[in-house]
Each structure stands twice: as structure tokens, then as C-alpha cells.
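Heads up, the thing below is written out as C-alpha cells.
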Amino acid sequence: MPPKTIDIFCTVIDNFGDIGVCWRLAKQLQQEYDLTIRLWVDDLASFAKLEPSLALNTPSQYCQKIEICYWRNDHFPTTIQPYHVVIEGFACRLPESFLQAMAQQTIKPIWLNLEYLSAESWTLGCHGLTSPHPTLPLKQTFFFPSFDERGGGLLRETDLLTARDTFQQDKTAQANFWQSLGYAQAMVADYRLSLFAYENNAVPALLEALSLQTTHSFLAIPEGRVLANVSVWAKRHLTSGDCFTVGSLTITILPFLSPSQYDQLLWACDVNMVRGEDSFIRGHWAGRPLLWHIYPQEENAHWPKLDAWLDVIKNLSPNDAEYYLEAQRGWNRGDESVAFWRAHLPYLLSARPIMQLLSNKLSQQPHLVHRLIDFCRKQ
511 MPPKTIDIFC TVIDNFGDIG VCWRLAKQLQ QEYDLTIRLW VDDLASFAKL EPSLALNTPS
571 QYCQKIEICY WRNDHFPTTI QPYHVVIEGF ACRLPESFLQ AMAQQTIKPI WLNLEYLSAE
631 SWTLGCHGLT SPHPTLPLKQ TFFFPSFDER GGGLLRETDL LTARDTFQQD KTAQANFWQS
691 LGYAQAMVAD YRLSLFAYEN NAVPALLEAL SLQTTHSFLA IPEGRVLANV SVWAKRHLTS
751 GDCFTVGSLT ITILPFLSPS QYDQLLWACD VNMVRGEDSF IRGHWAGRPL LWHIYPQEEN
811 AHWPKLDAWL DVIKNLSPND AEYYLEAQRG WNRGDESVAF WRAHLPYLLS ARPIMQLLSN
871 KLSQQPHLVH RLIDFCRKQ
């Protein structure tokens with residue numbers, strides 16, 4: 511039997527990736543499977559940047575037919591009855607009182623630990639493994655999103671690629687999108703790019719290289735942490751609404767975008783610089799070249815994860831991708847050489863066939879929600 515009710519727990523870190531993924535997951539489960547979803551969030555103020563309609567002082571409310579509940583580990587209500595499936599987003603650790611309530615159910619809830627996406631081979635061996643709770647009659651199952659068909663799939667709404675294709679084939683729709691943001695001039699640029707990244711020392715060099723191109727580029731930057739690096743290059747403090755041109759580069763600073771607006775931004779651009787997990791996945795579905803700024807970890811623990819993703823591209827297009835892959839490495843090591851970026855920009859701008867091929871290949875696999883529901887149905 512398929513599940514009818516699902517609890518999703520999420521802790522919001524400052525980069526919005528965790529809540530971005532959990533919110534998309536919750537919406538797809540409700541909208542496409544008509545399930546009762548309760549999303550537990552520990553930071554409503556940050557969540558409200560994605561969904562401005564949320565009331566910050568209301569601990570339980572509905573948004574798009576999904577119950578949004580505020581939670582804290584040390585003050586979790588003891589009267590809450592768990593739903594049929596409990597998804598622990600990115601090992602956020604469930605409240606002890608909720609675990610006790612799960613253990614008291616006659617039919618124990620299906621407890622899934624939704625892990626971070628990685629192309630590393632070891633995740634395939636861990637996907638679907640179970641771990642018993644040390645003291646309670648419960649077991650959790652590890653669910654790994656994956657680029658490989660043997661893993662847990664990627665988040666993708668059923669109609670997403672149809673909407674993308676319709677948008678990318680319609681110049682009027684693209685012009686209307688840029689007009690809605692207040693930047694109709696983007697349509698006359700030779701290239702349109704978006705920049706969403708963590709702090710990165712490579713940013714000034716990349717911007718300088720773009721400004722020296724013989725072609726005109728329009729760069730849209732949603733407000734975020736990377737603005738500090740952009741401001742250094744521009745020699746001015748930048749905020750939402752700013753728009754200026756240096757050489758062949760026009761830069762505009764956008765306000766924080768809704769998830770649907772951000773999808774359209776990715777679709778409307780020729781190159782997208784993305785970060786973390788949520789925008790990284792959405793960048794793949796755009797079918798456009800991307801630069802991925804992976805979340806930096808201590809002792810360079812993130813590099814094997816980056817290399818594993820680069821291998822996905824290399825195995826798909828071994829003869830054409832090397833300079834594109836080297837641009838990824840330069841981006842993540844913070845390469846400050848203008849010469850490096852001038853040399854690699856042509857390969858970045860021309861990598862659309864590679865990413866379209868990867869996007870098409872991934873789209874042929876069942877998406878994450880389909881696999882998650884199928885797993886629960888078999889329990």
C-alpha cells in the first residue's frame with residue numbers, strides 16, 4: 511500500500527539548500543500524489559525567503575495545502591502522533607519525544623534518512639541500507655539521491671521538463687520573464703549568465719574576463735553571499751536593484767527569487783553558476799552549461815565529491831569536456847587568474863551540448879519521489 515501521510519523534518523542552514531530540497535520534496539508529494547504532508551522547519555524566517563506568505567509567529571500553518579510546523583529539539587510537543595512515513599532531511603536528528611511516539615505505534619512508521627546528493631560510488635552501496643535505533647524498536651533506511659539509476663534518483667517534478675522546453679523555445683516568454691524582473695535589455699545580450707555561489711576568490715577574475723570579451727554578456731546575480739566578491743571587483747557596495755556595465759559585461763543584482771522564478775532564470779540563461787545542492791540539481795534540469803561551487807569542507811573533503819561528478823560528465827562526453835571540467839576545478843579552487851578565465855570561457859559558453867546530453871540522460875530515469883513512493887509501497 512502506498513503511504514497516505516508523511517512527516518518531513520528539516521533544519522535550515524544559512525545556505526537554504528536543505529530547506530530548498532525539502533520544500534520541493536513536500537510540494538511534489540502533495541501536488542502529484544495527493545498525500546497529507548507535514549513539514550517541520552526550525553527556522554521560519556529563513557524559510558520565508560522562499561515562501562514570503564509564511565507567518566513568522568505562527569507555529570502551525572498551511573501553505574500550498576502543506577502543514578508547516580515550527581520545531582525545536584528541546585521543546586517538541588509530546589502529543590504529536592507520527593505519520594505513516596517520517597523523512598529525516600539530511601540527518602537533522604529527530605526529536606527524542608517524536609522517536610518515542612514512533613516507537614509506541616503498533617505499526618511502526620517507515621523512517622527514511624534523506625541524504626545529500628553525491629556521485630561517489632560508495633553511496634550506491636549505502637542506498638537502501640538500514641540502521642536499527644540503539645534502544646527503540648525502530649530502524650531507519652538511508653536514501654541517497656543519485657545520478658546513477660541504481661540510486662535514489664533526483665528531484666524532478668513530472669511536468670518540469672515540458673515546462674522548460676516550452677519556455678526555452680518561446681522567445682516571447684523569455685522576454686516577458688526578463689521584463690518581469692525589470693531587465694528587458696537582457697534579451698539583446700550575446701550571452702546571459704546567472705551567478706549563485708558562496709564566497710569565491712575566482713569571481714573578480716571571471717568578471718574581468720567577461721568584461722574583456724568581444725561579445726556582450728548580461729549577468730544576473732540573485733542576492734546572496736557572493737555579492738561580497740562582486741563588490742570587490744566593482745569597487746562599490748552592491749544591493750538588490752543595482753545595474754551597471756563595465757566593458758562588455760552588464761551586471762544586475764536581483765532580489766531573492768522564489769523557487770519557480772529561479773527555475774526560469776536558469777532556463778533563460780546560457781550559463782549558470784550554481785552552488786550546494788538545490789540549485790545544482792535545478793541547473794542540470796535547465797540543460798545549460800553550469801559552474802558548480804560545491805560546499806567547501808574542512809581538509810578539502812569536498813574534492814572527491816566534485817571529482818565524482820566530473821567523472822559523470824567525462825564518461826558521458828570523454829572527448830569534448832576536458833576544458834569544461836578544468837573550469838569547474840578552477841572555480842572551486844578560487845583561481846584568481848584573469849588569463850585562466852579568458853582561456854576557459856569559450857569552452858564554458860559552448861558546453862551546452864554536453865549538459866543537454868546529461869540532462870536528457872538523467873530525465874530518462876525515474877525521479878526521486880517516484881522511487882521514494884515505490885520504496886514505501888514495498889514495505
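Start counting the sequence shown at 511; every next residue gets the next number (this note's numbering).
Just so it is clear, CB atoms sit at the ideal spot from N, CA and C, and this is done for glycine as well.
All values derive from a computational prediction rather than experimental measurement.
Residue i versus residue j - alpha carbon distance
{"i": "Leu639", "j": "Asp528", "result": "22 Å"}
{"i": "Pro615", "j": "Val531", "result": "First, the amino acid is wrong: residue 615 is Gln here, not Pro. Computed Cα separation, rounded: 28 Å."}
{"i": "Asn810", "j": "Ser628", "result": "15 Å"}
{"i": "Trp813", "j": "Gln679", "result": "36 Å"}
{"i": "Gln571", "j": "Thr515", "result": "17 Å"}
{"i": "His726", "j": "Thr760", "result": "8 Å"}
{"i": "Tyr857", "j": "Trp851", "result": "10 Å"}
{"i": "Leu671", "j": "Asp788", "result": "16 Å"}
{"i": "His747", "j": "Leu722", "result": "22 Å"}
{"i": "Leu835", "j": "Leu820", "result": "6 Å"}
{"i": "Ala683", "j": "Ala778", "result": "9 Å"}
8 Å contact criterion, which residue i and residue j should meet: CB distance rounded
{"i": "Ala730", "j": "Ser704", "result": "5 Å"}
{"i": "Leu545", "j": "Ala558", "result": "With a Cβ gap of about 24 Å, Leu545 and Ala558 do not count as contacting."}
{"i": "Ile620", "j": "Cys886", "result": "5 Å"}
{"i": "Gly844", "j": "Ala712", "result": "5 Å"}
{"i": "Trp743", "j": "Leu801", "result": "Rounded, the Cβ-Cβ distance is 16 Å, inconsistent with contact."}
{"i": "Pro642", "j": "Lys618", "result": "Contact doesn't hold; Cβ gap of about 11 Å is too wide."}
Local Cβ density within 10 Å of residue i, reported as buried at 16 or more and exposed below that
{"i": "Asn825", "result": "exposed"}
{"i": "Ala707", "result": "buried"}
{"i": "Ala796", "result": "buried"}
{"i": "Leu776", "result": "buried"}
{"i": "His803", "result": "buried"}
{"i": "Glu598", "result": "buried"}
{"i": "Trp533", "result": "buried"}
{"i": "Lys888", "result": "exposed"}
{"i": "Asn870", "result": "exposed"}
Same chain, Cβ closer than 6 Å to residue i, neighbours up to 5 away in sequence not counted
{"i": "Trp550", "result": "Phe519, Cys579, Trp581"}
{"i": "Leu764", "result": "Ala730, Pro732"}
{"i": "Ala696", "result": "Trp688, Arg702, Phe728"}
{"i": "Glu606", "result": "none"}
{"i": "Leu624", "result": "Ile597, Gly599, Phe653"}
{"i": "Thr685", "result": "What sits at residue 685 in the sequence shown is Ala, not Thr. Answer for Ala685: Met697, listed in chain order."}
Residue i (DSSP reduced to helix, strand or coil)
{"i": "Ser727", "result": "strand"}
{"i": "Leu627", "result": "coil"}
{"i": "Met783", "result": "strand"}
{"i": "Val595", "result": "strand"}
{"i": "Leu646", "result": "coil"}
{"i": "Pro814", "result": "helix"}
{"i": "Ile791", "result": "helix"}
{"i": "Glu718", "result": "helix"}
{"i": "Val822", "result": "helix"}
{"i": "Trp550", "result": "strand"}
{"i": "Ser704", "result": "strand"}
{"i": "Asp517", "result": "strand"}
{"i": "Trp581", "result": "coil"}
{"i": "Val522", "result": "coil"}
{"i": "Phe557", "result": "helix"}
Spatial neighbours of residue i in its chain, beta-carbon cut-off 7 Å, leaving aside the 5 residues before and after
{"i": "Ala831", "result": "Ile823, Lys824, Ile864"}
{"i": "Cys636", "result": "Phe652, Phe654"}
{"i": "Pro512", "result": "Ile883, Cys886, Arg887"}
{"i": "Glu709", "result": "Arg735, Val736, Ala738, Asn739"}
{"i": "Thr749", "result": "Ile763"}
Cut-off 8 Å between Cβ atoms - residues of its own chain near residue i, not counting five sequence neighbours on either side
{"i": "Asp884", "result": "Pro876"}
{"i": "Ala818", "result": "Ser628, Ala629, Glu630, Ser631"}
{"i": "Ile576", "result": "Ala536, Lys537, Gln540, Ile547, Arg548, Leu549"}
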